[in-house]
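Take a look at the structure below.
In this note's numbering, the protein residues as written are -7 to 386.
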């Protein structure tokens, strides 16, 4: 419990308190567990004071000096700590939710497991601060200095991090889901195990030399936090590598018209390719899609070993091939056409590309499936070998 004599001095006002601190420099104030909510402590000299478990909800600590103070487990919700000096202060487990810590000095402060939900830490000085396990969801950290801060396991989901300096910060296992990192500097961050879904960036966001490995492993760096986890898994997980190998060596993108009659042919084609140990991807272009259609078609084609395009009764095919053919010279395209049908007018344009194979004309679904190996798969595979080299699926 707090020392009653120390509390009595504090109740006389900040001027009396600061004068007592000057007169008794060797005395360490004991305010543990004190009820100081809504107290006016602006500019108070609380350096090295013991305030563990103190109730400071809504207190005015504007420009207060709290460096090296012990505030572990203190309640500072909605407190005004604007420009307060908390350098090296002990705030582990403290409740600072919605507190105003804008421009506060918190370098080397101990804020492990502190609750900083929706706190205002804009332009705060947090270099080398200990924020491991801290709850910073929706906190405002715009323009704050968090260089070399320890944010191991911290929750920064939906945090406002515009212009924040995170150079060489430890973000191991931190949650950055939906955080705003526009104009932020992440140079040299340790990001092993980081959760990086839905991040917001700007052209000025710096992502250089991000370390994706642990301190016990050889250092591997990347320049994009969103692909860091994927790269780490690819390097360290055989199953992930097998999945990637399977996609790139066996995936076949099937394009065509999704009317009842045409879809029956596409379904039969898919089933037969599956029997032959391929990974068929059937893309229904006619259905509405949330993702940009150009992005979706391009992504699927880039993953494919080759593309089979039934241009019979073409509707969306011209647009699909317009996306795929000019930009993907390593992906062969095998056109199919029902006998008696005509190629659509613009298709002639694609024939000049060497990776577009001669159109195979089939008389029926049964004939197409029966001749699939010789007239579709074999020409496509031969072109794959010509363009990429031998990676024949097993």
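Heads up, the beta-carbon is just placed ideally off N, CA and C, and yes, glycines get one too.
Beta strand (DSSP E) runs wholly inside the stretch 287 to 315, at least 3 long, in chain order: 298 to 302
Pull up the DSSP beta-bridge partners for residue 132, would you. 112 and 152
In terms of residue numbering, what span does the beta strand (DSSP E) encompassing residue 258 cover? Residue 258 -> not in any beta strand (DSSP E); alpha helix (DSSP H) instead, spanning 252 to 267.
DSSP bridge partner residues for residue 162 (one or two, in chain order): 142 and 182
Using the three-state DSSP reduction, which class does residue 69 fall into: helix, strand or coil? coil
Can you tell me whether residue 272 is helix, strand or coil according to DSSP? strand
Reduced DSSP category for residue 199 - H, G, I as helix; E, B as strand; rest coil: coil
Alpha-carbon spacing of residue 126 relative to residue 84, whole angstroms: 9 Å
Return the residue from the list 230, 184, 199 and 190 that minimises the CA-CA distance to residue 211. 184
Within the continuous beta strand (DSSP E) that includes residue 328, where are the two ends? 325 to 330
So what's residue 7 in DSSP terms, helix, strand or just coil? helix
With which residues is residue 102 paired in a DSSP beta bridge? 82 and 122
Let me check one thing: in DSSP terms, what residues is residue 240 bridge-paired to? Answer by DSSP bridge pairing: none, since residue 240 is not bridged.
What does the alpha-carbon distance come out to for the pair residue 370 and residue 181? 49 Å
According to DSSP, is residue 246 part of a helix, a strand, or is it coil? strand
Which of helix, strand or coil DSSP assigns to residue 234: helix
Check residue 117 in the structure and name its three-state DSSP category. strand
Residue interval of the beta strand (DSSP E) (run including residue 353): 352 to 354
Between 347, 311, 356 and 313, which has its C-alpha nearest residue 321's C-alpha? 347
On the three-state DSSP scale, how would you describe residue 60? coil
Is it buried or exposed, residue 326, if we count other Cβ atoms within 10 angstroms and call 16 or more buried? buried
Tell me which residue opens and which closes the alpha helix (DSSP H) that residue 378 is part of. 370 to 380
Out of curiosity, what's the CA-to-CA distance linking residue 135 and residue 115? 5 Å
Report all residues from its chain with a CB closer than 7 Å to the CB of residue 33; omit the five preceding and five following residues, and keep chain order. 6, 51, 52, 53 and 56
Where does residue 92 fall in DSSP's three states? strand
If you drop the 5 nearest sequence neighbours on each side, which residues of the same chain put their C-beta closer than 7 Å to that of residue 202? 178, 181, 183, 213, 214, 215, 217 and 220
For residue 213, does the three-state DSSP call read helix, strand or coil? strand
How long is the line joining the alpha carbons of residue 295 and residue 376, rounded to whole angstroms? 13 Å
Are the beta-carbon atoms of residue 143 and residue 161 separated by less than 9 Å? yes
Just the Cα atoms here: how many angstroms apart are residue 196 and residue 174? 7 Å
So the alpha helix (DSSP H) residue 75 belongs to, where does it begin and stop? It is not in any alpha helix (DSSP H) - residue 75 carries neither H nor E in the DSSP assignment.
Could you check where the alpha helix (DSSP H) with residue 358 kicks off and where it finishes? 357 to 362
How long is the line joining the alpha carbons of residue 70 and residue 108, rounded to whole angstroms? 10 Å
On the CB-based measure, 16 or more other CB atoms within 10 Å of its CB, does residue 9 come out buried or exposed? buried
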